[in-house]
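Report on one structure; see the data block that follows.
Numbering (my numbering), first residue to last: 79 to 149.
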């Protein structure tokens with residue numbers, strides 16, 4: 079576990095963007111998308127649309143935290 083963010087590309091509504099998350103968050107994000115039977119890009123686009131004025135990486139981390147807390 080390095081704790082360093084890893085930058086990966088996502089496509090949100092047809093537009094490419096890069097998001098930096100730690101490996102553990104990427105893993106959890108992929109697990110949530112798989113559990114919901116959705117592509118990770120669709121889930122990221124939903125989070126992006128609802129995030130308001132916070133950064134996308136922060137919004138994804140909060141989404142993951144809330145998912146874990148709800149279980």
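Every residue, glycine too, gets a C-beta built ideally from N, C-alpha and C. Quantities reported herein were computed from a predicted structural model and do not represent experimental measurements.
Rounded C-alpha distance that separates residue 110 from residue 90: Whole-angstrom Cα-Cα distance: 17 Å.
Use the C-beta contact count for residue 97: other C-beta atoms within 10 angstroms, 16 or more gives buried, fewer gives exposed. Buried is the call here.
Just to check my reading of the structure: residue 107 and residue 132 have Cβ atoms closer than 8 Å, yes? What is that Cβ distance to the nearest angstrom? No, residue 107 and residue 132 are not in contact; Cβ-Cβ is about 16 Å, not under 8 Å.
Candidates 134, 149, 143, 148: closest to residue 87 by CA position: Checking every option, the nearest Cα to that of residue 87 belongs to 134.
Extent of the continuous beta strand (DSSP E) run through residue 86: Start and end: 83-90.
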